[in-house]
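Trainee: Would you mind keeping the following structure in view while I ask a few things?
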Amino acid sequence: MIWRIDPTSGAPVYLQLVSQVHVALARGDLTPGERLPSARELAESLELNMHTVLHAYQQLRDDGVIELRRGRGAVVVAGTAHGRDHVRTTLAAYAAAARDAGLSPEAAVALLKEEMLR
Amino acid sequence: MTRTPFPTAPADVSWRPHARRVALWSGVAGLVLVLGGALVALSWRSELPSTVASHWGSDGHPNGFSSLGTYVAVLVVTGVLCVAGFSAICWFWGHAAMTRRMVGASSVWIGAFLAVITVGSLWNQRGLTDAAHASDHGGVVALAILVPLVPAVVAALLVPGDPRIAATAPVRVDAARTPLAPSERAVWLRRVRGGPGLVVGVVAIAVTAAAAVLTHLWPLLVVPVLLTALLASFTEFEVRVDASGLHVRSLLGWPRTFVPADEVLAASTTTVNAFAEFGGWGWRVGRGGRIGIVPRSGEALLVERTGGRSLVVTVDDAATGAALLNTLADRAR
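Order-wise, the sequence lines are chains U and R. Going by this note's numbering, the first residue of the first sequence is number 1, and it counts up by one from there. Going by this note's numbering, the first residue of the second sequence is number 1001, and it counts up by one from there.
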């Protein structure tokens, strides 16, 4: 998968990493059992402090998305794919409805966020 | 031959002097070793039986005999053909340092292997009147496989790595890009597991191990042991595209290769037929000196590089990697 961060975006970098894993899982780019890159490697490639990456991995572990195992690194937990297909089809319907209503992508995302934080 | 969707640039031949130098010196080194072994063998002419054992059966006893001259000539001709073949590969397809290293190591190894075989097998027959009493050959073969690995590694290390040739032209405009904000950083990571080559490897290990056990030629167990080490390092690779360029690395750390971002002319996707283009699976040299990291056939990332070099890696989702590499190569200019 592709990992991207923008240090100037205002969002904490570790959260940018966390949300990308969530998105990759939702899109099926990451599958249960798959290993995430080692924290050191990801930190090196993105020119980050390793603690930033470790922070993101700990957050993902607390979210129940990955397991951190000694010697095996960060592994995507089985079962996290549950219900995702349903979310994707519903989301496609939502996107179509938003387009029909003439909503901008920004407005559609804002509405979705609002709904989820309710 | 892999077709690229891009018009081909005029051929870059800056690799030629490097390739020719290695083709020549490694060829000479291989020949000197073979001929040296032959000369030592011929110097023992008076001490050897009139016909020497030239082939050993599975029971460890010789079952083929020939005159000393014929025996030595066969080994020398084998050596000359192998060394000439390796040098030709380097001469015509030695675009990449990896190819030149493989050739340097192979020529020296085969030369030393044949020299040890020649000298070792005849050493045991000195003073014999009947070559049928020549002793077990397994130890000599094991020695002939192992000992030459040392000079072969030295030869590989003597071959200089790829010279740094930063591209002068921008990345081709028609190559795919990943939209990336100027302040954004990105990395693409992908694992590649060994494909059909692993099956071939496992079969080869099983066959050589069974052969050594069934014939009781225990020293020949070095062959499956070496093959196992080799197979382990070819089991899984990681492909990484980041700001520094493209890295392909075995999970064991070796073998690995690196294409700096500023040497990338263009990255694209292609479909590889490992057998047709590279003659098999693994790390290979294909037509046009292209380096192939091809554990399987199918979708692959193709990187055209300065100095007339190119590299192809079979990996899923290659389009994402190619587009990101082009974008990061733009930045490296």
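Backbone N, C-alpha and C define an ideal beta-carbon position, used for all residues, glycine too.
Which of the three DSSP states, helix, strand or coil, is assigned to residue 1279 (chain R)?
Mentor: Residue 1279 (chain R): coil per DSSP, three-state reduction.
Trainee: Output yes if chain U places a C-beta closer than 7 Å to the C-beta of residue 1001 (chain R); else output no.
Mentor: Low confidence applies to residue 1001 (chain R): its pLDDT is 48, below 50, so where it sits in the model is not reliable, and the reading given next is rough at best. It does not: the Cβ of residue 1001 (chain R) has no partner Cβ on chain U nearer than 7 Å.
Trainee: Could you tell me which residues DSSP pairs with residue 66 (chain U) in its beta bridges?
Mentor: DSSP, once it has assigned bridges, lists U:76 as partnering residue 66 (chain U).
Trainee: So if I threshold CB-CB distances at 9 Å, which residues from the segment 18–30 of chain U count as touching chain R?
Mentor: If the cut-off is 9 Å between Cβ atoms, the segment 18–30 of chain U has 29 near chain R.
Trainee: Using only alpha-carbon positions, find the residue among R:1153, R:1191, R:1124 and R:1309 that is nearest to residue 1295 (chain R).
Mentor: Residue 1295 (chain R) has its Cα closest to that of R:1191, out of R:1153, R:1191, R:1124 and R:1309.
Trainee: In or out: residue 10 (chain U) buried (at least 16 other Cβ within 10 Å) or exposed?
Mentor: Result: exposed.
Trainee: Mark residue 1124 (chain R) as exposed unless 16 or more other C-beta atoms lie within 10 angstroms of its C-beta, in which case mark it buried.
Mentor: Buried.
Trainee: Do the segment 1264–1275 of chain R and the segment 1296–1306 of chain R make contact, defined as three or more Cβ pairs closer than 8 Å?
Mentor: They touch, by the three-pair rule.
Trainee: On a CA-only basis, which of R:1307, R:1284, R:1037 and R:1126 is nearest residue 1314 (chain R)? Give me that one, please.
Mentor: Answer by Cα proximity: R:1284.
Trainee: Quick check: the Cα distance between residue 1014 (chain R) and residue 1020 (chain R), rounded to an integer number of angstroms?
Mentor: Distance between the alpha carbons of residue 1014 (chain R) and residue 1020 (chain R): 11 Å.
Trainee: Whose Cβ in chain U lies nearer than 8 Å to the Cβ of residue 1025 (chain R)?
Mentor: Per Cβ cutoff of 8 Å: no residues; residue 1025 (chain R) is ~37 Å from chain U at best.
Trainee: I want to see whether chain U comes within less than 7 Å of residue 1189 (chain R), judged by CB atoms only; does it?
Mentor: Chain U contact via Cβ: present.
Trainee: Residues bridged to residue 1056 (chain R) by DSSP?
Mentor: Paired residue(s): R:1062.
Trainee: Please say whether residue 1241 (chain R) and residue 992 (chain R) have beta carbons closer to each other than 7 Å?
Mentor: Past the edges of chain R, shown from 1001 to 1333, lies residue 992 (chain R), and the structure says nothing about it.
Trainee: Verify whether the separation of the beta carbon atoms of residue 941 (chain R) and residue 1108 (chain R) is less than 7 Å.
Mentor: A query on residue 941 (chain R) cannot be resolved here, the shown segment of chain R reaching from 1001 to 1333 and no further.
Trainee: Mapping the DSSP letters down to three states, classify residue 1123 (chain R) as helix, strand or coil.
Mentor: Reduced to three states, the DSSP call for residue 1123 (chain R) is helix.
Trainee: Counting pairs of Cβ atoms below 8 Å between the segment 44–53 of chain U and the segment 12–28 of chain U, do you hit three or more?
Mentor: These segments touch.
Trainee: Are the C-beta of residue 45 (chain U) and some C-beta of chain R separated by less than 7 Å?
Mentor: By this cut-off, residue 45 (chain U) is an interface position.
Trainee: For the alpha helix (DSSP H) containing residue 1036 (chain R), name the first residue and the last one.
Mentor: Residues 1016–1043.
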